[in-house]
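Counting along the sequence shown from 1, when you hit position 386 you're at 523 in our numbering, and nothing is skipped either side. Every residue, glycine too, gets a C-beta built ideally from N, C-alpha and C. Predicted model only: the values in this text are computed from it and were never measured. Reading through the structure tokens given below for one structure.
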Amino acid sequence: MGLMETLRNGTKYIVIILIVSFGLIWVLADVDFFGAMQAGPNNLGQVNGDDISLQEYNQRVQYYNNLYVQQTGNSMTPEITAIYEQQVWDELVNSRLIEQKMDELGITVTDAELLDMVYGDNPDPIIVQNFSRADGTIDRAAIDQVLTNPDFSQQAISLDLQLRQKRRQEKLTNYIAAGVQVTKEQVEQEYLKQNTFADLSYVRFPFADISDEEISVTDADLKDYYNTNKEQYKREENYRASVVKFSYLPTADDTATIFKEVTDLRRDFAEAESDSLFLNRQQSSTPYSATFIDKDDVREEYSAVLNIEEGEVTEPFLNAGQVSIIKNVEENGNEIKFVVFSRQIEALQGTIRDADEAARDFQLFADEETDFETEAERAGKEIQSIFATKGSSFISGLGNSQQVLTFLERADEGDISNVIELGTDFVVVQLDEKTKEGYRPLEEVKAQIQTQVKLEKKKALAVENAKQALASNPTVESLAAAMEKEIITAEGLAASSAVLTRAGREPKVIGAIFELEEGETSGVIEGNSAAYIVNITSKQTPSIDNLDEAARQQIRTRLEGEINQKFGAIWLEQLKKEAEIVDNRSRLIQS
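Below, the structure written as structure tokens:
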């Protein structure tokens, strides 16, 4: 009874709440709030709040698609498309970051600078490319027409934007380069490094000569090494997944069909007045070539042409994955001219369609009706395991595939991909496990660390043994005799080299060698694979006086290029790390 009374007393408040609620729903519906919620994000992504539109992304992908078709004459495969899609995303993100940095630095282009790029003594290459006459001079009248005639307003705006953007980026490049100047001393050190040589002899104490019984490794050693070198065991986000393949390699029926097609072309080939035109129209996989060659030089696979008369065509035969026929064009004594027509043996459309349909049926039933394992068993397909790391298109157990990587990066555990075309297979992938970026636990890398700790202890013991031996045998000769070691010689070793004769890659050792004077014997030098004691037999060092200005500038330019390239990549990567990047591709683009 008390409950009913409470409800009666609260009725007016309930009515008010309902009225307000319905009113709010009407308002939200009027502004299409719920449609917007269902539609999801309006942009493909953002870089520090700066939108990347789906339209811009699609336009750039289409640009690369058109360029690829123009350059190759072929359409992009799904795998190549996936590679370009990732490249376009990276380009759009990078361009936003660079634009934002230029704005932050106040890098602008004045009208005076723009006019100089167009009308100055050294016009920008864009102007030269678009407004040059046949004799190489600049057509000023054509420039004026584009810039002043209203009919060319769109071209003028495009040219203005292009020139300003290029000049801004040049200024940014110069700004970055200004912070990485190559000094006079660096140039001279590089000159000396490239032109200094030494003859030497050395004795080597390999770390591998220390047995496991001579050292001991404790759990505390492993833990200390792990904590000190933890960054070595940092992992990127990675994925474990299952894959089922549906092959569309050519079948026996495909091969028989192609044989028949080529057989049916024999008569037309024999009667063709232009063999070059025939091969082109019939899309021969062997290009046209017809020159006289000695019959004795005819390759074995083409020898059938020697058994037919002029104007005749051989029976079809298999040749390196192709079905070929050969036309005897002309004979002259012991010489013969012939033309080869070939058609590649490949899966026909029916075979490809059957494999595609089987893969799509599998994907549909695995995703909606049963599950991946059950459907694979029903279809009689083997499940293969694959492993991938974020950012790397090499998929362990599958090979390179940007398509598969893109799916794995965007998917949640348990998600099943659409059908993906790879080479001669259609594949369906299920993401089984996604491991976030972080440090691999000690237990997981314990065996790896144990090997490294053993090596470090062997290094320390080998170095100590070498020091003790050197203390009582101060020359390479006496040291070799006392320790029963071989004296190894190296002649003409360059200071710029990283490989030591008969020792492998030892840049640290080579650096220490060229700190020695002629005739000097080193202390113990710890290398990558051994401890070394070295004696310098002779040393040839150039004089800085021989470094002329042209060579100096050449070295400076090369060093600046190397440093700027490395610094530019690091600089851009740092901008990415500091940026707030929103990636909506998984929601707006079907994987």
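By DSSP, does residue i sit in helix, in strand, or in coil?
{"i": "Gln419", "result": "coil"}
{"i": "Phe429", "result": "coil"}
{"i": "Asn471", "result": "coil"}
{"i": "Phe563", "result": "strand"}
{"i": "Ser675", "result": "strand"}
{"i": "Gly575", "result": "strand"}
{"i": "Ser533", "result": "strand"}
{"i": "Gly641", "result": "strand"}
{"i": "Ile692", "result": "helix"}
{"i": "Ser295", "result": "helix"}
{"i": "Val541", "result": "helix"}
{"i": "Glu654", "result": "coil"}
{"i": "Ser680", "result": "coil"}
{"i": "Ala631", "result": "strand"}
{"i": "Val168", "result": "Interpretation of Val168 is limited by its pLDDT of 44, a score under 50 that renders its predicted location unreliable; the figure taken from the coordinates is listed afterwards. Looking at Val168 - three-state DSSP - the assignment turns out to be coil, as it is neither helix nor strand."}
{"i": "Asn202", "result": "helix"}
Could you check if residue i is buried or exposed, using at least 16 other CB atoms within 10 Å of its CB as the buried criterion?
{"i": "Ser426", "result": "exposed"}
{"i": "Ser421", "result": "buried"}
{"i": "Lys573", "result": "exposed"}
{"i": "Lys703", "result": "exposed"}
{"i": "Asn465", "result": "buried"}
{"i": "Thr428", "result": "exposed"}
{"i": "Gly660", "result": "exposed"}
{"i": "Lys382", "result": "buried"}
{"i": "Tyr312", "result": "exposed"}
{"i": "Leu607", "result": "buried"}
{"i": "Val168", "result": "In this predicted model, Val168 has a pLDDT of only 44, less than 50, meaning its place in the structure is not dependable; the value taken from the coordinates is given anyway. Burial call: exposed."}
{"i": "Tyr194", "result": "buried"}
{"i": "Leu416", "result": "buried"}
{"i": "Ile294", "result": "exposed"}
{"i": "Asp356", "result": "exposed"}
{"i": "Pro262", "result": "exposed"}
{"i": "Ala173", "result": "Note that Ala173 has pLDDT 43, beneath the 50 cutoff, so the model's placement of it is unreliable and the number below is only indicative. Classification of Ala173: exposed, given that the 10 Å Cβ count is below 16."}
{"i": "Gly641", "result": "exposed"}
{"i": "Pro453", "result": "buried"}
{"i": "Gln199", "result": "exposed"}
{"i": "Glu512", "result": "buried"}
{"i": "Thr451", "result": "buried"}
Please list, in chain order, all residues of the same chain as residue i whose beta carbon is under 7 Å from its beta carbon, the five residues on each side excluded.
{"i": "Ser290", "result": "none"}
{"i": "Lys367", "result": "Tyr576"}
{"i": "Tyr362", "result": "Ile586, Gln589 and Val590"}
{"i": "Ile726", "result": "none"}
{"i": "Thr392", "result": "Ile482"}
{"i": "Ser538", "result": "Glu216, Ser530, Ile532 and Leu559"}
Going by beta carbon distance, what residues of the same chain come within less than 6 Å of residue i, once the five residues before and after it are set aside?
{"i": "Ala335", "result": "Leu630, Ile673 and Lys676"}
{"i": "Asp504", "result": "Ile553"}
{"i": "Phe563", "result": "Phe383, Ala492, Asp493, Ala496 and Val556"}
{"i": "Glu697", "result": "Val319"}
{"i": "Ala668", "result": "Phe342, Ala599, Val600, Ala603 and Val661"}
{"i": "Val671", "result": "Leu337, Tyr339, Ile650 and Ser659"}
{"i": "Leu712", "result": "Leu234"}
{"i": "Lys714", "result": "none"}
Starting from the C-beta of residue i, find all residues in its chain whose C-beta is less than 8 Å away, skip the five residues before and the five after it, and write them out in chain order.
{"i": "Ala176", "result": "Residue placement at Ala176 is poorly supported in this model, since its pLDDT is 48, which falls under 50; the coordinates still yield a value, given next. Nothing meets the Cβ criterion."}
{"i": "Leu309", "result": "Ile235, Lys238, Met239, Leu242 and Ile244"}
{"i": "Leu359", "result": "Leu579, Lys583, Ile586, Gln587 and Val590"}
{"i": "Ser634", "result": "Ile647"}
{"i": "Ile681", "result": "Glu325, Tyr328 and Leu329"}
{"i": "Val613", "result": "Ser338, Tyr339, Val340, Ile624, Thr658, Ile670, Val671 and Asn672"}
{"i": "Arg305", "result": "Met239, Ile244, Thr245 and Val246"}
Kindly give me the distance between the Cβ atoms of residue i and residue j, rounded to whole angstroms, as I take these residues to be in contact under 8 Å.
{"i": "Thr333", "j": "Thr678", "result": "5 Å"}
{"i": "Glu472", "j": "Ile532", "result": "About 53 Å separates the two Cβ atoms, so there is no contact after all."}
{"i": "Glu663", "j": "Arg377", "result": "Not quite, the Cβ-Cβ distance comes to about 40 Å (not below 8 Å), so this is no contact."}
{"i": "Asn185", "j": "Glu717", "result": "5 Å"}
{"i": "Ile523", "j": "Leu535", "result": "5 Å"}
{"i": "Leu86", "j": "Arg722", "result": "Here the chain has residues from 138 to 728 only, and residue 86 is not among them."}
{"i": "Pro260", "j": "Ile275", "result": "6 Å"}
{"i": "Leu545", "j": "Ala525", "result": "5 Å"}
{"i": "Ala627", "j": "Leu637", "result": "7 Å"}
Which partner residues of residue i appear in the DSSP bridge assignment?
{"i": "Tyr339", "result": "Ile625 and Val671"}
{"i": "Ala393", "result": "BP columns for Ala393 are empty, so no partner."}
{"i": "Arg480", "result": "Val460"}
{"i": "Asp188", "result": "Gln183"}
{"i": "Ser522", "result": "Ser379"}
{"i": "Ile264", "result": "Beta-bridge pairing links Ile264 to no other residue."}
{"i": "Phe334", "result": "Ala631 and Gln677"}
{"i": "Lys371", "result": "Tyr576"}
{"i": "Leu455", "result": "Val460"}
Looking at residue i and the ligand GDP, is the gap between the Cβ and the nearest heavy atom below 6 Å?
{"i": "Asn721", "result": "The ligand GDP is not among the ligands present in this structure, which contains no ligands whatsoever."}
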